[in-house]
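Data first, discussion second: the structure below is written as structure tokens.
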Amino acid sequence: MAFTIKSNLIDIVTRETYPAEIIIKDNRISSIQRISEKQDTYVLPGFIDAHVHIESSMLVPSEFAKIAVKHGTVGTISDPHEIANVLGVSGVDYMIENAQKVPFHFYFGAPSCVPATHFETAGAVIDSGDIDGLLSKKEIVYLAEMMNFPGVIYKDEEVLKKLESAKKHHKPIDGHAPGLMGEEMRSYFSAGISTDHECFGYQEALEKLEFGVKVMIREGSAAKNFDTLIPLLKDFPDQMMFCCDDKHPDNLLESHINDHVKRALDLGYDLYDVLCASSYNVVKHYNLPVGLLQIGDNADFIEIDNLTDFTILKTYINGALVSENGESFIESVEAATVNNFSCSLKSPSDFKVKSEGEKIRVIEALDGQLITKEIHAEVLNIDGFAESDPEHDILKIAVVNRYQDAPVATAFIKNIGLKQGAIASCVAHDCHNIVVVGTNDDDICKAVNLIIKAKGGISLATETEEMVLELPIAGIMTNLPAEKVAEAYIRLDRRAKELGSRLRAPYMSLSFMALLVIPELKLSDKGLFNGKSFEFTDVFIKSV
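Under numbering that gives the first Met the number 0, the residue at position 525 of the sequence shown is numbered 524, and the numbers go up by one with no gaps.
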């Protein structure tokens with residue numbers, strides 16, 4: 000099959016734009032000819048998300064692709080460590096198998112940290128032997144984010160084996176080093192790690208770029224670093240890439256990497272630098288067979304209206320039109336239900352916290368960031384128990400082991416903002432135990448039990464209502480259409496905000512409160528954890 004397109008071609012390799020006649024034959028660009036006639040539209044390489052966890056969209060890969068192509072995305076660099084923490088290698092295989100059912104360029108990594116630490120309970124373990132097996136597969140193109148930065152710096156034997164395996168297979172290694180600077184940063188990246196998507200400070204990112212690290216500008220549902228990092232694009236155009244990391248379904252329906260591109264252009268950054276960050280740099284770094292609108296390339300490209308509005312008119316993948324004018328032509332496919340969920344229903348007494356002092360350590364959640372702060376507060380003591388204090392926005396947070404019956408871990412958190420009720424989720428990075436925040440133990444228990452009954456999901460409970468979005472695939476995804484998932488998610492998000500939450504994305508922020516590898520204070524199913532000293536700490540501050 001062959002067809003011809005006439006448009007203004009944006010050539011990001013030669014960095015020029017000109018009217019062209021492009022002939023596509025057998026799914027490839029067979030000819031590009033300059034023409035003199037003025038053209039109304041522009042064609043350019045399709046976008047690639049340089050780092051994303053598909054599972055955070057709560058959609059299986061095939062449904063994710065169905066929405067992403069509307070925004071001009073033709074591929075993703077996907078770390079499947081969310082499902083891997085639940086199901087191990089079989090979870091990675093599940094993602095690959097589902098992804099292959101649709102016309103979209105999914106490139107998966109071998110999850111390097113399953114579990115991320117030994118301070119929490121996951122559903123599976125992926126060791127260095129498993130990593131070597133995964134990296135031998137053609138579908139696995141890189142070693143996914145090495146979150147265990149202390150293991151790299153202090154040369155943990157198992158960590159080093161994983162890094163060496165990636166080098167043996169000639170596959171790049173992704174980094175994860177939030178806030179790491181100075182000698183520790185240099186030691187970490189000298190181990191062969193080449194990227195970082197966790198920079199939240201300008202100076203931090205600058206230091207890493209000057210050391211030769213490829214820095215990803217992340218703008219997802221929770222972590223938003225675009226405004227801080229985009230100024231670095233001007234001086235380091237060859238080292239920057241765009242990514243979302245985690246994108247909830249409502250946000251995915253609105254935009255994807257096209258939002259990075261549009262915002263950067265609106266700020267006046269160079270067109271070719273911006274488009275390199277959205278495609279060229281990703282293709283070259285990960286050695287991808289994704290087309291860049293060069294003769295002989297796969298026909299992977301998009302057509303837009305103009306360089307001001309940047310409206311995505313058409314998206315092509317392997318020469319096939321997969322989206323036009325906001326309509327996706329990717330069809331839904333059947334996805335099997337796989338899971339690993341085994342814990343009993345809880346009672347309110349499971350969430351009781353016996354008071355052991357007058358002051359407590361509190362997790363301070365920061366809107367738009369994955370990092371948290373440790374603050375200290377007076378405890379609300381009622382009949383010998385520490386309770387949520389909505390008046391001062393100090394709420395109880397708990398993590399429930401979903402894989403087996405075990406004692407519930409409890410602590411306190413600020414900035415969630417609820418004035419009544421509770422919200423819960425087992426989309427809780429990275430082990431996907433159940434994390435819940437609430438104003439009282441009854442509602443906390445109700446929200447948790449809604450998830451246990453569904454064997455996965457996100458929920459909300461008050462004295463008079465119960466809401467749940469069921470996620471039966473690994474407890475973190477569903478094969479429902481994206482629009483239905485987004486609709487249910489939006490209802491929960493809206494209700495959480497009506498109950499007092501001031502966060503832009505309360506459920507996304509909640510999902511990172513158990514992620515121990517992001518400082519400063521987090522909660523696992525085993526207890527309160529200090530991400531700076533990398534050890535457990537007490538909820539109550541002992542008086543000297």
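Where a beta carbon is used, it is the ideal one built from N, C-alpha and C, also for glycine.
Computed from a predicted structure; not experimentally measured.
For L86, no beta strand (DSSP E) run applies; the uninterrupted alpha helix (DSSP H) run containing it begins and ends at H80 to L86, by DSSP. When the five nearest sequence neighbours on each side are left out, the beta carbons in the same chain lying within less than 6 Å of the beta carbon of M146 are those of C112, A115, H175 and V516, in order along the chain. With a beta-carbon spacing of about 25 Å, Y106 and L270 fall beyond the 8 Å limit used to define contacts. Classified as buried, Y488 has 16 or more neighbouring CB atoms from the shown chains inside 10 Å of its CB. Following the DSSP letters along the chain, one finds P18 inside the beta strand (DSSP E) bounded by residues E15 to K24. A contact between stretches requires three or more CB pairs, one per stretch, nearer than 8 Å, and the segment 345 to 363 fails this requirement with the segment 124 to 136. For the set G219, D226 and G191, the Cα lying nearest the Cα of K213 is the one of G191. Closest option to Y201, judged by alpha-carbon separation, among Y187, M180, S189 and S220: M180. Going by C-alpha positions, A385 is about 24 Å away from L449.
In this structure, the CA atom of F411 is about 39 Å from the CA atom of I47. For G325, the closest alpha carbon among the candidates A109, N297, F63 and A67 is that of A67.
Taken atom to atom, the span from the alpha-carbon of I256 to that of S322 is near 16 Å. A distance below 8 Å separates the beta carbons of S220 and A504. One Cα belongs to E62, the other to F309, and the distance between them is close to 24 Å. If you ignore the 5 residues before and after S523, its C-beta comes within less than 7 Å of the C-beta of F118, E119, V398, A408, A513 and L515, all in its own chain and listed in chain order.
Under the three-state reduction of DSSP output, A427 falls in the coil class, being neither helix nor strand. For S61, the enclosing alpha helix (DSSP H) stretches over residues P60 to A67. For A204, the number of other beta carbons within 10 angstroms of its own is at least 16, and it is reported as buried.
Within the same chain, Cβ atoms closer than 6 Å to the Cβ of M507 are found at S220, A221 and H247, the five residues on either side in sequence being excluded.
Shown here for F235: same chain residues with a beta carbon closer than 8 Å to its own, the five before and five after excluded, namely L208 and V214 in chain order. Beta-bridge pairing by DSSP links F105 to T75. Between V426 and V435, the C-beta spacing is not below 8 Å.
Classified as buried, F528 has 16 or more neighbouring CB atoms from the shown chains inside 10 Å of its CB. Burial is judged here by how many other beta carbons sit within 10 angstroms of a residue's own beta carbon; Y187 has at least 16 and is buried. Comparing alpha carbon positions, the residue from D388, C198 and N84 closest to M239 is C198. With contacts defined by Cβ atoms closer than 8 Å, R360 and L520 form a contacting pair. The Cβ atoms of V273 and V260 lie closer than 8 Å to each other. Between C243 and V73, the CB-CB gap reaches or exceeds 8 Å. Around the CB of N280, 16 or more other CB atoms lie within 10 Å, so the residue is classed as buried. For P406, the closest of I76, H168, I329 and L344 by C-alpha to C-alpha distance is L344. Excluding five sequence positions before and after K166, the CB atoms of its chain that fall closer than 7 Å to its own CB belong to G191, given in chain order. The alpha-carbon separation between K445 and T461 amounts to approximately 8 Å. CA-to-CA, the gap between H168 and D237 works out to about 24 Å.
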